[in-house]
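Report on one structure; see the data block that follows.
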Amino acid sequence: MLTTTQSAIAEDLDSFEKTSWFTSAYLIAMSSLGPVNGKLSSIFSPRACIFVSSVILAFGTLLCSWAKDFESFIAGRVVTGIGASGVFTISIIIVLELTGSKRKGIGIGLLNSGYTMGVAIGAIAAGALLDIPWWKALWWLNWRALFWVQAPIALVGGLILLLAIPHDFTAGEMVGRNTWERLRRIDYLGCISLTASLVLLLYALSSPKSIPISPIVLSIVVGVVFVLIEAYFAHDPIIPVTLLKSRGLLLTCLGTVSYMMSRWSVLFYTPTYAIAVRQWSPSIGGSLLIPTNGGFAMGGLLVGWLHIRRNGSFYLPTLVSYACFPVTLVLLATMAHRESSPVALVLVLFVCGFTTGAALNYNLAHLLHLTPKETHYVATALIATFRGFAGSFGASIGGGLFTRTLSTSLTTRFAERGLRDETLIRKLLGSPALVEQLEGVKQEIAIKGYEDALRTLWLAAAVLALGTIVVQAGVGWEGDSEKKVLEEESTRGREAGTPS
Numbered sequence: 001m002l003t004t005t006q007s008a009i010a011e012d013l014d015s016f017e018k019t020s021w022f023t024s025a026y027l028i029a030m031s032s033l034g035p036v037n038g039k040l041s042s043i044f045s046p047r048a049c050i051f052v053s054s055v056i057l058a059f060g061t062l063l064c065s066w067a068k069d070f071e072s073f074i075a076g077r078v079v080t081g082i083g084a085s086g087v088f089t090i091s092i093i094i095v096l097e098l099t100g101s102k103r104k105g106i107g108i109g110l111l112n113s114g115y116t117m118g119v120a121i122g123a124i125a126a127g128a129l130l131d132i133p134w135w136k137a138l139w140w141l142n143w144r145a146l147f148w149v150q151a152p153i154a155l156v157g158g159l160i161l162l163l164a165i166p167h168d169f170t171a172g173e174m175v176g177r178n179t180w181e182r183l184r185r186i187d188y189l190g191c192i193s194l195t196a197s198l199v200l201l202l203y204a205l206s207s208p209k210s211i212p213i214s215p216i217v218l219s220i221v222v223g224v225v226f227v228l229i230e231a232y233f234a235h236d237p238i239i240p241v242t243l244l245k246s247r248g249l250l251l252t253c254l255g256t257v258s259y260m261m262s263r264w265s266v267l268f269y270t271p272t273y274a275i276a277v278r279q280w281s282p283s284i285g286g287s288l289l290i291p292t293n294g295g296f297a298m299g300g301l302l303v304g305w306l307h308i309r310r311n312g313s314f315y316l317p318t319l320v321s322y323a324c325f326p327v328t329l330v331l332l333a334t335m336a337h338r339e340s341s342p343v344a345l346v347l348v349l350f351v352c353g354f355t356t357g358a359a360l361n362y363n364l365a366h367l368l369h370l371t372p373k374e375t376h377y378v379a380t381a382l383i384a385t386f387r388g389f390a391g392s393f394g395a396s397i398g399g400g401l402f403t404r405t406l407s408t409s410l411t412t413r414f415a416e417r418g419l420r421d422e423t424l425i426r427k428l429l430g431s432p433a434l435v436e437q438l439e440g441v442k443q444e445i446a447i448k449g450y451e452d453a454l455r456t457l458w459l460a461a462a463v464l465a466l467g468t469i470v471v472q473a474g475v476g477w478e479g480d481s482e483k484k485v486l487e488e489e490s491t492r493g494r495e496a497g498t499p500s
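Each residue of the sequence shown is one higher than the one before, counting from 1 in full-length UniProt numbering.
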């Protein structure tokens, strides 16, 4: 939604050079609180936690719709991200808990389908709204309507979940304890140190210009403090020590970040291609997300329905689906120009989404095979967190690469034509819709600049996706139960060989 509306928001708030923060602020808040939400769900009722998160989400969207300057809009995006973190993380936990092993795959597929179709519908609705001229003149019916209309939807959805989820849906080992006892068990130092470490890291990497070093150093220091707290002091750690030592979980999380960073480059910049390069309307630009998100939904549903009907390893299917993804990114890069076939573009976007939907479903099923059952709440929350990281990294690192390439290309091409317009370049960096308003040489240069930036971005994403295959291959295929059996057999063998 932000991709198709950022031009209008940037113009209204006079923040053309700060548009990357529209997405980064939301994703930083969403990513940082994922593990905390996972732990809170194991202490309190997940149905209560997701309802509270829905209320926070609704309040955040209202703050965005009331914003009159850049700072207040970003504050609203942060609050929205806090609420979305709970909704996204806890919804995965609820689906896993309420579905059996045979329906787990299709349950996650349906959940991912709902999530990705929401992204597509938001982009289309945003584009369609901006295409209505007289709406722009009404303060409460311009881009702001796209935010305040989400508030009642979030509240109603949260209330439905509160009433629909069974009351006996327990909170693990905390069932039977009163609220005060549950509050006392929360690892507050762990929550604060983990959240602070993640926020500092994501803040540094989200810088639209140069990446500051001091927040990264502080993030590492606070991260070390967090690990020490969890390992030696916390009575009930946010992240169990068994997970901190898990190679499979670590590599799965790293692979998820890399994979989804590449995926977000498609979601963020496909509408930009349509609006800037093809001069299509924002509604058409948003509708280009339908095939890729439709493919995402179909891929997740099909593998969940036909294949993920058991517990166990899905090592090879995960690698195969990971290997198909970079091919689609290379094809997108070659099609980032005005003459490419719209039909071929839609087909490539569909296949890109299909492979992603299948990969994420296989990935989660295999992670649950690798980790102990008692840690699945937190392991699932960590995967959700790292998916959020990918969005944040994609918005910051990918956005930084795109912006730098676009700026260099525009500056060089304008200079070659004997033109110099710093103000126009600054506006073009944050407003792809401005290309349509240009004429002659300036429009031609702007289009070529966007083509260069998109091609560079998607080729870089393809290279990153290739590296992801290597990382994912390192997770292994032996599950937690298999490792325990091997350890027991090894122990018995040593005992049998010991002389009496």
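Glycine included, each C-beta is placed from N, C-alpha and C at the ideal position.
Is the beta carbon of residue j closer than 7 Å to that of residue i?
i: G86; j: N142; result: no
i: S31; j: G388; result: yes
i: K469; j: A359; result: Checking the displayed sequence, the identity of residue 469 turns out to be Ile instead of Lys. Result no, Cβ atoms of I469 and A359 do not sit closer than 7 Å.
i: N361; j: A120; result: no
i: V257; j: A379; result: no
i: R47; j: I216; result: no
i: V78; j: A25; result: yes
i: Y450; j: V266; result: no
i: L464; j: S262; result: yes
i: residue 501; j: G76; result: Any property of residue 501 remains undetermined from this structure, which presents the chain solely from 1 to 500.
i: F226; j: S193; result: yes
i: A357; j: G300; result: Inspection of the sequence shows that residue 357 is occupied by Gly rather than by Ala. Going by C-beta atoms, G357 is nearer than 7 Å to G300.
i: T99; j: A297; result: no
i: A381; j: T89; result: yes
i: L161; j: I56; result: no
i: I93; j: S41; result: yes
i: L332; j: V351; result: no
i: A453; j: T405; result: yes
i: T403; j: L429; result: yes
i: F233; j: G295; result: no
i: R185; j: D236; result: yes
i: L401; j: L457; result: yes
i: G286; j: I275; result: no
If residue i and residue j are in contact, beta carbons under 8 Å, what's the gap, nearest whole angstrom?
i: I239; j: E230; result: 6 Å
i: S15; j: F70; result: 4 Å
i: P326; j: A462; result: 4 Å
i: T252; j: N112; result: Not quite, the Cβ-Cβ distance comes to about 16 Å (not below 8 Å), so this is no contact.
i: F73; j: L13; result: 6 Å
i: L205; j: I211; result: 6 Å
Excluding the 5 residues flanking residue i on each side, which residues of the same chain have their C-beta closer than 7 Å to its C-beta?
i: T385; result: S31, G34 and P35
i: W148; result: T61, L62 and S65
i: T375; result: P240, T242 and L243
i: L27; result: G81, G388, G391, S392 and A395
i: V95; result: G107, I108 and L111
i: T318; result: A359, Y362, N363, H366 and Q472
i: F22; result: L2, Q6, I9 and R77
i: R455; result: A333 and A336
i: A29; result: V78, G81, I82 and S85
i: L218; result: L200
i: W477; result: S313 and Y315
i: L254; result: V471
Between residue i and the rest of its own chain, which residues show a CB-CB distance below 6 Å, the 5 nearest in sequence each way excluded?
i: E489; result: Note that E489 has pLDDT 45, beneath the 50 cutoff, so the model's placement of it is unreliable and the number below is only indicative. So no residue of the chain qualifies.
i: I106; result: G304 and W305
i: S53; result: G83, G86 and V87
i: L189; result: I229
Near residue i, which residues of its chain fall below 8 Å by C-beta distance, leaving aside the five closest residues on each side in sequence?
i: V222; result: S193, A196, S197 and L200
i: I290; result: A120 and I124
i: I425; result: S407, L410, T411 and F414
i: G157; result: S54
i: F268; result: T3, T23, G394, A395, G398 and G399
i: V346; result: L288 and P291
i: A344; result: M335
When the Cβ atoms of the segment 246-258 are set against those of the segment 366-378, are three or more pairs found closer than 8 Å?
Segments in contact, yes.
Can at least three beta-carbon pairs, one atom from the segment 143-155 and one from the segment 56-75, be found at a separation below 8 Å?
Short answer: they touch.
Given 8 Å as the limit, is there contact between the segment 437-447 and the segment 298-311, that is, 3 or more CB pairs closer than that?
With contact defined as three or more Cβ pairs closer than 8 Å, the segment 437-447 and the segment 298-311 are not in contact.
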